[in-house]
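Report on one structure; see the data block that follows.
2 protein chains.
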Amino acid sequence: MFDPTQHGLSRDFRLTKFSTLRGCGSKIPQDVLDRLLRGVYSEQFAKEEQSDRTVDDKQSGSDSAEGVGIGLDSSVIPLKHDLHLVQTVDFFYPLIDDPYMLGRIALANVVSDVYAVGALEIDEIKLVCSAPTEFSDEERDIVVPIIIKGFQDAAAESKSRVKIGSIALNPWCIIGGIATAVCHKSELIMPYYAQVGDSLVLTKPLGTQLATNAFIWMTEESDNWKKLTDKLSKSDIEKTYVIAMESMSRLNKSGAELMHKFKAHAATDVTGFGLFGHADNLAKFQKESVDFEIHTLPIIKNVVQIAELLGRSAKLLAGKAVETSGGLLISLPAENAQGFCEEYEAVSGHAAWIVGRVVAGSRTVKMSSNPTIISAE
Amino acid sequence: MFDPTQHGLSRDFRLTKFSTLRGCGSKIPQDVLDRLLRGVYSEQFAKEEQSDRTVDDKQSGSDSAEGVGIGLDSSVIPLKHDLHLVQTVDFFYPLIDDPYMLGRIALANVVSDVYAVGALEIDEIKLVCSAPTEFSDEERDIVVPIIIKGFQDAAAESKSRVKIGSIALNPWCIIGGIATAVCHKSELIMPYYAQVGDSLVLTKPLGTQLATNAFIWMTEESDNWKKLTDKLSKSDIEKTYVIAMESMSRLNKSGAELMHKFKAHAATDVTGFGLFGHADNLAKFQKESVDFEIHTLPIIKNVVQIAELLGRSAKLLAGKAVETSGGLLISLPAENAQGFCEEYEAVSGHAAWIVGRVVAGSRTVKMSSNPTIISAE
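Protein sequence lines correspond, in order, to chains A and B. Once you know that position 108 of the first sequence is 108 in my numbering, the rest is easy, because the numbers rise by one and skip nothing. Once you know that position 220 of the second sequence is 1220 in my numbering, the rest is easy, because the numbers rise by one and skip nothing.
And the structure:
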């Protein structure tokens, strides 16, 4: 656990205070984005993009956003020599108080979009970071390097190089980056070939937001914490937090490698729009007329109980909870799904789950009203 | 001039209120950055980068930042097939109240780094934008699309395609983006071949920050405005503002095209660190042991007088005023400099100036203590 005093900070230093919005929930909701973007996307480019040029150029049912790619964060652009430019940008605000882990999670979160299209070698990652205007000079000089260190260490694990792109002053702490890969077409798995009969696999559990918030409420002894204390101990909340931290900071690279081995047809990563939102974006995007049926929700241990005690379980059980640095949701041949999960566990030390299947339909998501809940440790 | 009421906003709506720091001055100063980055840059990558892999991997005199590239925003990374990945990220906060022009300037500002290395075709530009948390829903729905429209229109002029990368909530309005080009080596002008005897040319005038601030002070009738009214009329300030707006929103693409024609040896764009700061970064970076002597400062009309009336002329006349979306500073053979300036004026309708020369030295900038000041209209 992060102890501010060990770094020369005062005992009550809390990074999460430098943002009132925690996690990817700070993104503008997609319906508002649709409205904001209506009419501003130039027709010239929209026409070009209809010709299958980019990963994210298809947003059925949303003409205004044609080609804008608000659903899938990663863009894939064809270049010369059968090469493609894969690029994503993502940033968020502190959702935890540990600056080192925040840096690691930010890195895992930004590269995740690139891994989701099967690209394994990332040519460059630029860090985008802000120092809050309310930091004292001392706090800034201690905290920002720790964040950057976490980001760099995770980048080294991914074997990617990092550039410090921009460090600015801002009222809130911003952390994020840009990941870029230039790949041969054969290295990519374009995310629109899901087939009827496919299984859907998820490589990380859900519930990161409640898991991290519960830990913060506990340290702050807030009203929400008092609602939990009848049923959950400090040790329970700490375990839940540790599971979430491991999950959010785990790279999706192993998942991407196995996507190739097990012949995945399509994938997305799960972040700010939640499992349902990202599945829905992926479904809209498919070449075949398919639906995604989701029948199972792996959720971080104790998070269902936390949600129930707070009266927030409906959103969680609808797959709509906001996630940060979530797993890959992968559509792959049913006969390969079990093998994928077994090998994922062998390689990463953590479970992956079959959470649904692909059926004939109209590019929507069907969420089971009574999903199987798996407690993930 | 932007009239908020014409867009359904209240008469006193001021975009600049959604940031207390205007322009690129919100960047963390380079000496602080150096300190923040000390020790966090992993040695493994630092060693790799010493092998001339990237544009910005050389920061003589700053061991800690070796390879980090804090001076030159653009990075150039070799790929397969003699291709290079050129990428830059830049964002800032509102320095003017006109959202459309803010979008145009943000685009010109971000692509400028790519043009500075001679790359003319940009494969993708991602917009990064935030809606201030203090915006009402109505303000957000009116203002954000206007900003995006300005950004898109300028991108269309540059013949680049734009993706909406990320729109988030944040206390301040953020506007910026990421520009990416994948180019053959022959398309690039690497920024470290300045030769003794070269001339230094600058393609836009200095003083954008004071020019835009003076206009805001006038509209707000602030104390600073009262210091100006003895010598300068509203019409003077408006003219100054219009010159600055044109300059900041002008693309550096023509300059980059002429860099090829007139065989430039090195270039940088001039933004947040001012003419002196960017010249200094460029100098540190040179293969030859050269100094850059700067003898001439083209400054937007009336800005010297504004600076004098405010007691701020020392910084301006030292070339250290913060700029937003400034011009290219180009080192090129002396015999080509006049031709460059003439053709730049013919193509763009605006002057470029010979502002200095390259002499034998130790990779520093020598600023004339009594520079020739040119009033730019």
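Idealized CB from N, CA, C, for every residue including glycine.
Item: Is it true that the CB of W1172(B) sits closer than 9 Å to the CB of S1368(B)?; Value: no
Item: Note down, in chain order, all residues in the region 274-290 of chain A with a beta-carbon under 7 Å from any beta-carbon belonging to chain B.; Value: none
Item: Does the beta-carbon distance from Q1209(B) to L1095(B) come in below 9 Å?; Value: yes
Item: Nearest by alpha-carbon distance to V322(A): which of H295(A), M248(A) and R104(A) is it?; Value: M248(A)
Item: Any contact between the region 212-229 of chain A and the region 269-286 of chain A? By contact I mean 3 or more CB pairs, one from each, below 8 Å.; Value: no
Item: Compare the C-beta of N1109(B) against all C-beta atoms of chain A and say whether one is closer than 9 Å.; Value: no
Item: Since A1154(B) and A1108(B) should fall inside the 8 Å C-beta cutoff, what is the C-beta to C-beta distance between them, to a whole number of angstroms?; Value: 6 Å
Item: Assuming A1376(B) and I1243(B) are in contact, meaning their beta carbons sit under 8 Å apart, how far apart are those beta carbons, in whole angstroms?; Value: 7 Å
Item: Measuring only between beta-carbons, confirm whether Q1087(B) sits less than 9 Å from chain A.; Value: yes
Item: Looking at the structure shown, is P99(A) part of a helix, part of a strand, or coil, going by DSSP?; Value: helix
Item: Would you tell me roughly how many angstroms separate the C-alpha atoms of D1391(B) and W1225(B), rounded to the nearest one?; Value: Because chain B in this structure spans residues 1001 to 1377, residue 1391(B) falls outside the shown range and cannot be described.
Item: Quick one: what does DSSP say G39(A) is sitting in, helix, strand or coil?; Value: With a pLDDT of 49 at G39(A), under the threshold of 50, the modelled position of that residue is not reliable, and the figure given next carries that caveat. If DSSP states are grouped into helix, strand and coil, G39(A) belongs with coil.
Item: Residues in its own chain within less than 8 Å of I294(A) by CB, not counting five upstream and five downstream?; Value: L200, L275, F276, A279, G319, V355, G356, V365, K366, M367, S368 and P371
Item: Mind pulling the chain B residues with CB within less than 7 Å of I178(A)?; Value: V1089 and I1178
Item: Please report the straight-line C-alpha distance between S1160(B) and E1288(B), rounded to a whole angstrom.; Value: 35 Å
Item: Distance cutoff 9 Å, beta carbons only. Does S1136(B) sit that close to anything in chain A?; Value: no
Item: Considering Cα atoms alone, identify which of A307(A), S130(A), N336(A) and E220(A) is closest to D12(A).; Value: E220(A)
Item: Let me see if you follow: with CB-CB separation under 9 Å, is V1128(B) close to chain E or not?; Value: The structure shown contains no chain E; its protein chains are A and B.
Item: Can you check DSSP and say which residues form a bridge with L188(A)?; Value: Per DSSP, none; premise fails for L188(A).
Item: Mark V1347(B) as exposed unless 16 or more other C-beta atoms lie within 10 angstroms of its C-beta, in which case mark it buried.; Value: exposed
Item: Does the Cβ-Cβ distance between A267(A) and P191(A) come in under 9 Å?; Value: yes
Item: To the nearest angstrom, how far is the alpha carbon of H1350(B) from that of S10(A)?; Value: 55 Å
Item: Taking only runs of the alpha helix (DSSP H) that begin and end inside the region 312-348 of chain A, which ones reach a length of at least 4 residues, in chain order?; Value: 313-317 and 334-348
Item: Terminal residues of the continuous alpha helix (DSSP H) containing E1257(B)?; Value: K1253 to K1261
Item: Where do the ends of the alpha helix (DSSP H) carrying W1217(B) lie?; Value: T1208 to E1220
Item: Among all the DSSP beta bridges, which residues are the ones paired with D1269(B)?; Value: L1328(B)
Item: If the criterion is Cβ atoms closer than 9 Å, does the pair I178(A) and I125(A) meet it?; Value: yes
Item: Does the CB of H1007(B) have a neighbour CB from chain A at under 9 Å?; Value: no
Item: Is the CB of P94(A) under 9 Å away from at least one CB in chain B?; Value: no
Item: Please look up how many angstroms separate the CB atoms of F151(A) and T324(A), rounded, as I've assumed it's under 8 Å.; Value: At roughly 15 Å, the Cβ-Cβ gap does not stay under 8 Å, so F151(A) and T324(A) are not in contact.
Item: Mark V359(A) as exposed unless 16 or more other C-beta atoms lie within 10 angstroms of its C-beta, in which case mark it buried.; Value: exposed
Item: Cα-Cα, which of I1299(B), P1205(B) and F1292(B) is closest to L960(B)?; Value: The question about residue 960(B) has no answer, for chain B in this structure spans 1001 to 1377.
Item: Measuring CB to CB, does S976(B) end up less than 9 Å from L1228(B)?; Value: With chain B represented from 1001 up to 1377, any question about residue 976(B) goes unanswered, as that position is not in the structure.
Item: Which residues, taken in chain order from the region 344-376 of chain A, show a beta carbon closer than 8 Å to some beta carbon of chain B?; Value: none
Item: For E238(A), which of E134(A), K301(A), D230(A) and V196(A) has the nearest alpha-carbon?; Value: K301(A)
Item: P78(A) bridges to which residues according to DSSP?; Value: H84(A)
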